[in-house]
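UniProt numbering puts the first residue of the sequence shown at 1, with every later residue one more than the last.
Every residue, glycine too, gets a C-beta built ideally from N, C-alpha and C.
All values reported here derive from a predicted model rather than from experimental measurement.
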Amino acid sequence: MYDRICSTAKCVVCPEGRTGDCMSSGVIYLIACKSCGEEYVGETARPLCARIKEHLDGKEKSRPTTPLGAHRKLRHDGVNFEVSVKILAREPQTSARKTLEALWIHAKSPKMNRKEECLSITRELAPYLGLLF
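Spelled out as structure tokens, the structure:
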């Protein structure tokens, strides 16, 4: 199931799951702010650690165009915060993974996801939501 074993010091992914989770690819993931509990749902075809590293870089540099950078500026007045990462689902097929991501976003209403992203996903899947919930 895992390509490699995690050797990252202070890995933010593996403590929430199993050692090696950060090396998983084709996943839908949840990032939670440990300070306020707000969440972000995303998906990646690449190893999860690569995508999380990008998120953390945006947070460290307070980039307003990134979910964690915007969260740091808007919710924490620029003060840094810790996050936890959890794998919600595994799906190797791109279209199915993006659909699962949309369903998780609809189900959790994560505050760090951009509003227009959530609206777009809801609009696209609206005809099917009644079948699921």
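- Counted as a single uninterrupted DSSP element, the alpha helix (DSSP H) harbouring Arg-51 occupies residues 48 to 60.
- With a threshold of 16 other beta carbon atoms within 10 Å, Ser-24 meets it and is buried.
- The shortest C-alpha to C-alpha distance from Met-112 to any of Thr-94, Ile-28, Arg-75, Glu-82 is the one to Arg-75.
- Within the model, the alpha-carbon separation for Ser-95 versus Glu-43 is close to 11 Å.
- For Lys-86, there is no enclosing alpha helix (DSSP H); the enclosing beta strand (DSSP E) has its first and last residue at 83 to 90.
- In the DSSP annotation of this structure, the continuous segment of the beta strand (DSSP E) that includes Ala-32 starts and ends at 27 to 33.
- For Gly-78, there is no enclosing alpha helix (DSSP H), as DSSP gives it neither H nor E.
- Cα atoms of Leu-56 and Gly-26: separation of roughly 19 Å, rounded to the nearest angstrom.
- In the structure shown, Glu-43 adopts extended strand secondary structure according to DSSP, grouped into three states.
- Ranked by Cα distance from Ala-107, the options Arg-90, Leu-30, Leu-48 are led by Leu-30.
- DSSP, reduced to helix, strand and coil, places Pro-64 outside both helices and strands of the structure shown, so it counts as coil.
- Take the alpha-carbon of Gln-93 and the one of Leu-100: they are about 11 Å apart.
- Put simply, the backbone Cα of Pro-110 is about 23 Å away from that of Cys-11.
- CA-CA distance, Ile-105 to Lys-115, rounds to 11 Å.
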